[in-house]
Amino acid sequence: MEKELNTKKNGNQAMLKICGFIVDKRNLFFLLFGLLIIFSVISRNWVGVENDMAFYLPGTTETRQGLDLMEAEFITYGTCNVMVANVSCEQAETVCERLEKIEGVFSVDFDDSKEHYTNGSAYYNITFDYDEKEEACLDALDRVKEFLADYDYYLTTSLGNTQSELIGQEMNTISVLVAVIVVSVLLLTTQAYAEIPVLLITFLSAAVIQMGTNFLLGTISFVSNSVTIVLQLALSVDYAVILLNRYKEEHASYEAREAVIIALSKAIPEIAGSSLTTIGGLIAMTFMQYQMGPDLGVVLIKAILLSLCAVFLLMPGVIMLFSKLMDTTRHKNFIPDIPLVGKFAYAAFSDRYCGRLYDLQELSVCVWLQYGHAAPAKQCTEGGRDAGDEFRFL
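For what it's worth, this note's numbering labels the leading residue of the sequence shown as 243, then goes sequentially.
What follows is the structure in structure tokens.
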């Protein structure tokens, strides 16, 4: 027993020494993360992005085989559909004639039927001279857009990276909304205003490095490239909150340096254990036959590992940097306490289970007495229940 206690004590001392090194050498880690962030800002342009979702279909699927056969046997010419609003029928016919004269346009389908003109809006089906995968087809599409710039028009096409561009635009909007929501929640839930930059610096550092290191994976899907930053926030923001709360608990009894070291030594096992469950679920994604799953799973696993590095190596130094500000910018809790919920839950639990827990404790003592010291069986039958009755009762 004494040997186990000494081993545990030595293990704790080793963890404290490691954490002390991280805190005392924080300027070194600031430099390392600063260099990684600068490199990532440059290297994010090196990331190869695959925009064709059919690329990730396994070669054994009928869909993949059918697409390969079609590509081998047929030429798929580029097309686009255009609706021009607020034009008369005569203007619509003029637009059609001018569209047909654009270089690279093979044909324009338009007539005066309700399928192509109704309520002041004209609908055109445009076919280009080139295969939809050729760059010349995209050039022709750009010329069509340039001609239509003076009109109130809407265009849909499968050419180029329209899906990835749309998702990218939507994710930019979502990222702004997420940033506003996160900052608002932190303002309401933190105990000091200076805690907010600590959390934001930690997360943004991990996010930038994540985007800049995707080139190490070669080519990733446009889905992984677009949505990872939001998923990374959702999956890893808890790690930083756990360490910060640990620091505040320890700072009530220790100075800032000692509090950070102790908090980090206690938080590392907790955060590492929490991350393993998430990583385990993402590893399961890598076994999907549709290769979009492995692609997204690997990118998110890397994102979580980088978030862990940021929390364990960068955040302790950031806490030390903002420790005095966190002490001076404390504010009252904006979220009121709700003791009634806790009292109700405690009362409900006590009424339903405490009696049974008491009976179970009494039963355990009786069984130990009976089988450990050969006590008479009647000692365990008070109240009209024997051991079998008690187990049936539970």
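Glycine is no exception: its CB is placed at the ideal position from the N, C-alpha and C atoms. Remember, it's a predicted structure, so these values are computed and weren't measured experimentally.
Rounded distance between the beta-carbons of residue j and residue i, thought under 8 Å
| i | j | result |
| --- | --- | --- |
| SER447 | ILE279 | 6 Å |
| TYR366 | ASP351 | 7 Å |
| LYS490 | GLN433 | 7 Å |
| MET453 | ARG286 | 5 Å |
| GLU374 | SER400 | 7 Å |
| PHE389 | ARG340 | 7 Å |
| CYS331 | ASP353 | Rounded, the Cβ-Cβ distance is 10 Å, inconsistent with contact. |
Nearest-angstrom Cα separation, counted from residue j out to residue i
| i | j | result |
| --- | --- | --- |
| GLY559 | LEU429 | 22 Å |
| ALA494 | ILE260 | 22 Å |
| THR336 | LYS387 | 16 Å |
| GLU342 | TYR396 | 18 Å |
| PHE445 | LEU477 | 11 Å |
| CYS338 | LEU383 | 15 Å |
| THR302 | GLU292 | 20 Å |
| SER466 | GLY522 | 18 Å |
| PHE370 | LEU273 | 53 Å |
| ASP537 | ILE451 | 18 Å |
| GLY535 | ASP310 | 22 Å |
| LEU547 | THR318 | 43 Å |
| GLU492 | SER468 | 39 Å |
| GLU304 | ARG268 | 55 Å |
| VAL324 | GLN333 | 15 Å |
| ALA391 | LEU556 | 49 Å |
| SER427 | GLU313 | It is worth fixing the name first, because residue 427 is Val in this sequence and not Ser. Computed Cα separation, rounded: 51 Å. |
| MET295 | ASP381 | 23 Å |
| THR415 | TYR496 | 43 Å |
| PRO511 | LEU441 | 20 Å |
| ALA449 | ALA545 | 7 Å |
| VAL329 | THR360 | 10 Å |
| THR571 | SER463 | 43 Å |
| ASP569 | GLU437 | 10 Å |
Cut-off 8 Å between Cβ atoms - residues of its own chain near residue i, not counting five sequence neighbours on either side
| i | result |
| --- | --- |
| VAL420 | VAL472 and LEU475 |
| PRO300 | ARG306, GLN531, TYR532 and GLN533 |
| VAL265 | ARG499, VAL502, ILE503, LEU506, PRO558, GLY559 and MET562 |
| LEU550 | SER478, TYR481, ILE513, ALA514 and SER517 |
| HIS573 | GLN433, ALA434 and TYR435 |
| PHE316 | none |
| ILE284 | GLY454 |
| TRP288 | PHE457 |
| ASN254 | SER507 |
According to DSSP, residues forming a beta bridge with residue i
| i | result |
| --- | --- |
| ASN323 | ASN367 and THR398 |
| THR360 | SER363 |
| ARG572 | ALA434 |
| ILE462 | VAL291 |
| VAL347 | PHE370 |
Coil, strand or helix - residue i by DSSP
| i | result |
| --- | --- |
| GLY290 | strand |
| THR432 | coil |
| GLN612 | With a pLDDT of only 49 at GLN612, under the threshold of 50, the placement of this residue in the model should not be trusted; the figure read from the coordinates follows. Here GLN612 sits in helix by DSSP. |
| TYR372 | strand |
| VAL607 | Since pLDDT at VAL607 reaches only 44, below the 50 mark, its modelled position is unreliable, and the value read off the structure follows with that caveat. Three-state DSSP puts VAL607 in a helix. |
| VAL483 | helix |
| SER355 | coil |
| GLY523 | helix |
| GLY262 | helix |
| TYR298 | helix |
| VAL329 | coil |
| TYR489 | helix |
| ASN254 | helix |
| GLU497 | coil |
| THR318 | coil |
| MET312 | helix |
| GLN307 | helix |
| PHE271 | helix |
| MET413 | helix |
Beta-carbon contacts of residue i that lie in its chain and below 6 Å, excluding the five residues immediately before and after
| i | result |
| --- | --- |
| PHE297 | none |
| ALA327 | SER363 and ASP394 |
| SER565 | ALA498 |
| ARG385 | ILE344 |
| MET257 | SER507 |
| THR461 | GLY290 and GLU292 |
| MET527 | GLY535 and GLY539 |
| THR321 | THR369 |
| TYR600 | In this prediction, TYR600 scores a pLDDT of 48, lower than 50, which makes its location untrustworthy; the coordinate-derived value is nonetheless stated afterwards. If we look at TYR600 and ignore the five residues flanking it on each side, it has no Cβ neighbours. |
Sequence-distant residues of the same chain with beta carbon closer than 7 Å to residue i, five excluded per side
| i | result |
| --- | --- |
| LEU524 | GLY539, LEU542 and ILE543 |
| VAL553 | THR444, TYR481, ALA482, LEU485 and ILE513 |
| PRO439 | PHE564 |
| ALA509 | ILE484, LEU485 and ARG488 |
| GLY262 | ILE503 |
Check: residue i C-beta below 8 Å from any heavy atom of the ligand ATP
| i | result |
| --- | --- |
| ALA545 | This structure lacks the ligand ATP; in fact it carries no ligand of any kind. |
is_contact[residue i, chain B] using C-beta, thresh 9 Å
| i | result |
| --- | --- |
| ASP392 | Structure shown: chain B not included; a single protein chain is present. |
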